[in-house]
Amino acid sequence: MVEGDHAPFCHAPARLLNLGSKLASKYTSGVNGVHDLGGMHGFGPVERSPDPPTLVRWESIVRAIQLDTRAAGVMNVDEFRYGIERMDPVHYLSSPYFEHWLDGISRVLVEKGRITEAELEARAASLVAETEPPTAARAAFKAVPPAGFRRDVAWAPQRHVGDRVRTSTASPVGHTRMARYARGKLGTVHARHGAYVFPDSSAHGLGDDPQHLYSVRFAAAELWGESAEAGTSVYIDLWEPYLQTA
Amino acid sequence: MVEGDHAPFCHAPARLLNLGSKLASKYTSGVNGVHDLGGMHGFGPVERSPDPPTLVRWESIVRAIQLDTRAAGVMNVDEFRYGIERMDPVHYLSSPYFEHWLDGISRVLVEKGRITEAELEARAASLVAETEPPTAARAAFKAVPPAGFRRDVAWAPQRHVGDRVRTSTASPVGHTRMARYARGKLGTVHARHGAYVFPDSSAHGLGDDPQHLYSVRFAAAELWGESAEAGTSVYIDLWEPYLQTA
Amino acid sequence: MAKYHPNVEDYVVSRVRALESLLLEKGLLRTETVDDVIARFEKDVGPLVGARMVARAWLDPRYRELLLSDAGTAVTHFGLPAYGELRVVEDTEDVHNLVVCTLCSCYPWPVMGLPPVWYKMPPYRSRAVLEPRKLLGEMGWEIPEPREIRVWDSSAELRYMVLPLPPPGAADMSEDALAGCITRDALIGVEPVRLPGAK
Amino acid sequence: MAKYHPNVEDYVVSRVRALESLLLEKGLLRTETVDDVIARFEKDVGPLVGARMVARAWLDPRYRELLLSDAGTAVTHFGLPAYGELRVVEDTEDVHNLVVCTLCSCYPWPVMGLPPVWYKMPPYRSRAVLEPRKLLGEMGWEIPEPREIRVWDSSAELRYMVLPLPPPGAADMSEDALAGCITRDALIGVEPVRLPGAK
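Protein chains in written order, with the working numbering: chain W, 1 to 246; chain A, 247 to 492; chain Z, 493 to 691; chain C, 692 to 890.
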């Protein structure tokens, strides 16, 4: 990035940058990224459209790629989400939803060595120039058995419905699903869901590490203090390692 | 904003939008805006330049405008900061520093009726077209006596050095200087600074409302839990209304 | 080739096509999957099975009980595979439910089709947990106290759908007619179900 | 007219010129103020009085005491008006201090000149409070434990400056020579003071 007092703090729109350098970023993100939007101010009104949502072609292709890379066992959903969370913050906030997917998927596939940035660049260039090489032979698609997210574990959940719990105050680097707005807060266990794949492990290639999952209720006043709306509460699904005895 | 599943979440770069509509936004921001950066992940490395900081001409003019509108008693520093905090989040994160100032100052001056968006647009257009009107008569500048930020108050501070205090958990809409990362946290009063203008009042045209100000020390572990770096702490200047007895 | 949305830069489209081409070669993508997504989502699919499940629950107390206690099985009544992650939360006169995903945009695609654009964008994701009553008011639905508002933030793999209150007259209608009145937005919890002609 | 930075859009420059022109007419801006800012900040002004204050404090124990107990008065020794909001925090063998403003970019302009660009940008503002030791390491200054790091987040109108540890040999140098070695970045706390030729 350029520097100097005038050259400023000027993120070029990320899509004008070299995609490769973005994908290869060695800087990781954690849950305190711009994707962690709960409770943020300043984004304005919700604007609804009378038109029903549909996909256009490139979006359909991205969705299909997400489905099949998962079906092929190449990229689990936590790796996929963590790929998106490492987008440049301005790019994240200013790009269409399925561009998030494209960016995240590409990053993970490069990291896993399934594609290289160079071949992606080269293929894009040849497609743009309409000098697409004769279709190469296609390897056969091999699906892995879908495993879902629920896991059987040998141990009982440590928390019971009605237990008071306090959430972790950690700000981990890496992927987590402990949203910032609910960190260090007192809640009440509303339901036990059984054990599920733990994203904080699964996103980093460290295995399923299944953990018991709970629905935890937080009174708005606990989350937002005197800014809370009366008579409102938030239910969040949280894994056991996020919870401490209150 | 356009809508439809494909039309996306596509903030046009804010500077391409009509400035007037941005300035006149009825949507307010609070401290949970993107300007509240403490503890965020994902912004990458600090990049230093060997070149010393200097201003270029337009930056100097903006700085001068900020100094003189304050000297004229037209815009206090809290109104100025709150003007900036209401920028479009993507614009804030992608524009040079002194463009923040330009945007914030313009917003406040329009709100206060000192300029209108129409005259600003018209003057910019005439300058671009080099059809600048003959220089109008200039009104005389009248400075108000500089008041500083410290105030004498009749009451004693409620907190003593060494007191344990807990910060507010409120997420107020409007301007505040209670940063999100330190909200609802336990700290220790390190020093008493005397009474100062209270930004939460001053930014909204509600007067100085002076309040005692303290330096409060927070152990990193209190702020960041298990993500904290050992042997680090943060000292934050906080006004009495932000603090509760721990 | 396909019609691309005119607002999306050539850059993005060229990257998508390059990735598609590479993954087809490498055996990590099937043309059938692409064709299937195109066939399902390039036209409006509506709220799909979700609307039918709600309509049936309004008319059939036993199905309602199943839907609330075991939504994953309740979907199989409409020909879908079991969906164990689905949870249905019930509106009452005293409680209204609202679904959001603050961290990404989780949404029960199999029963509710494509998520609306606003559901995926920062204004909704940021405000739904902080000021749900004010937000619903801005979106056209005033819900005065003391009716409680419960917000469900889909932070794990469970997916939430609201069982709205039936509109007046629902008991006299057919399941099909009711299902046609139940919008995606009502299943998220941002608008009530209204019958045609009702205000 | 003036030379504008080539990277900044015409849009911004035209708005600045329009605002300047309007405010001059309305009596809310003085050409003298503009000229004064231009004269002071369009060339490098260095860390100014801040460096001189530190140099003197290293050589004169009584001035050091004043600087730490009443920095607002200590600035008057260099011809500046009293600056009651200034606070100087002292580095020792056991403690290092670092200054940031997470909410905007507060900085003691009167004694330290223009803030560096990185000081005003999200990477520094986000990370200084969360991982100061790691950040300093990345910026080239490894500060191992058990040396404590204290971060000062300038959330009010007080302004912080670091009194760094003197480099070896400082006692044998003149105040002027020392002041010339004291960088803006050292007064923020992101680098140690080094004498010329020292590694």
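Ideal Cβ positions, reconstructed from N, Cα and C, are used throughout, including at glycine. In this text, all values refer to a predicted model and were calculated from it rather than measured experimentally.
Contact test: C/Asn788 Cβ vs the ligand SAM heavy atom, cutoff 7 Å:
With respect to the ligand SAM, the structure shown offers nothing to examine, as it has no ligands at all.
How is A/Arg397 classed by DSSP in three states: helix, strand or coil?
strand
Assigned exposure category for W/Leu206 - 16 Cβ within 10 Å defines buried:
exposed
Who are W/Trp239's beta bridge partners in DSSP?
W/Leu213
What does A/Pro496 touch in chain C if you count any residue whose Cβ is under 9 Å from its own?
Limits of chain A in this structure are 247 at one end and 492 at the other, which puts residue 496 of chain A out of reach.
By Cβ distance, which residues of its chain are closer than 7 Å to C/Ala895, with the 5 residues on each side in sequence left out?
The structure shown does not extend to residue 895 of chain C, since chain C spans only 692 to 890, so no value can be given for it.
DSSP three-state call for Z/Val580: helix, strand or coil?
strand
Run through DSSP, which three-state label would W/Gln66 get?
helix
When the Cα of C/Leu667 is compared with those of C/Leu759, C/Thr724, C/Phe732, which residue comes out closest?
There is simply no residue 667 of chain C to check, as chain C begins at 692 and stops at 890 in what is shown.
Do A/Asp246 and A/Pro418 have their CB atoms nearer than 8 Å?
In this structure chain A extends from 247 to 492, so residue 246 of chain A is not present and cannot be described.
Three-state secondary structure assigned by DSSP to Z/Tyr503
helix
If you check the beta carbons only, do C/Val728 and A/Arg316 fall under 8 Å apart?
no
Length of the line joining the Cα atoms of W/Leu37 and C/Leu827
28 Å
Run through chain W and tell me which residues come within less than 9 Å of A/Trp470, C-beta to C-beta.
Thr169, Ala170, Ser171
Distance check for A/Val435 and A/Leu405, CA to CA, integer angstroms please.
In the sequence under discussion, the amino acid at residue 405 of chain A is Arg, which differs from the Leu named in the question. Their backbone Cα atoms lie some 7 Å apart in a straight line.
Contact list for W/Gly39 against chain A, beta-carbon separation under 9 Å
Asn278, Ser417, Arg426
On the DSSP letters alone, give me the boundaries of the beta strand (DSSP E) that Z/Gly564 sits inside.
That residue, Z/Gly564, is in no beta strand (DSSP E); its alpha helix (DSSP H) goes 563 to 566.
Nearest to A/Asn322 by CA position, among A/Phe395, A/Gly420, A/Ala466, is which residue?
A/Phe395
With a threshold of 8 Å between beta-carbons, can A/Glu345 be considered close to chain C, or not?
yes
Partner residues on chain Z for W/Ser60, Cβ-Cβ distance less than 7 Å:
Val526, Val529, Ile530, Phe533, Glu534
Min CB distance A/Ser447 to chain W below 8 Å:
no
Check each candidate in A/His421, A/Arg423, A/Ser461 and name the one with the smallest Cα separation from A/Gly433.
A/Ser461
Can you find a CB in chain A that lies within less than 8 Å of the CB of C/Cys795?
yes
Grouping DSSP H, G and I as helix and E and B as strand, with all else coil, what is C/Thr793?
coil
Taking any Cβ of chain W, which residues in the stretch 323 to 341 of chain A have a Cβ under 9 Å from it, in chain order?
Glu331, Arg332, Met333, Asp334, Pro335, Val336, Tyr338, Leu339, Ser340, Ser341
Residues of the stretch 698 to 720 of chain C in Cβ contact with chain A at a cutoff of 9 Å, in chain order, please.
Asn698, Val699, Glu700, Asp701, Tyr702, Val703, Val704, Ser705, Arg706, Val707, Arg708, Ala709, Leu710, Glu711, Ser712, Leu713, Leu714, Leu715, Glu716, Lys717, Gly718, Leu719, Leu720
Coarse secondary structure for C/Ile873, derived from DSSP in three states
coil
For A/Phe387, decide whether its Cβ has a neighbour in chain W, counting only Cβ atoms nearer than 8 Å.
no
Test item: CB-CB of C/Met852 and C/Gly741 under 8 Å
yes
Spell out the partners DSSP gives A/Leu432 in its beta bridges.
A/Arg412
Per the contact definition of three or more C-beta pairs closer than 8 Å, is the stretch 823 to 837 of chain C in contact with the stretch 481 to 490 of chain A?
no
Alpha-carbon to alpha-carbon, A/Ala428 and C/Asp785:
25 Å
Going along chain C, which residues have a C-beta under 8 Å from A/Arg316?
Neighbours of A/Arg316 on chain C: none; closest Cβ ~10 Å, over 8 Å.
In the DSSP assignment, find the unbroken alpha helix (DSSP H) run with Z/Met631 in it and report its ends.
Note, Z/Met631: premise wrong, no alpha helix (DSSP H); not H, not E.
For the beta strand (DSSP E) that contains W/Leu109, what are its first and last residues?
Note, W/Leu109: premise wrong, no beta strand (DSSP E); alpha helix (DSSP H) at 97 to 111.
Taking W/Ala139 as the reference, which of Z/Leu511, Z/Leu515, Z/Val505 has the closest Cα?
Z/Leu515
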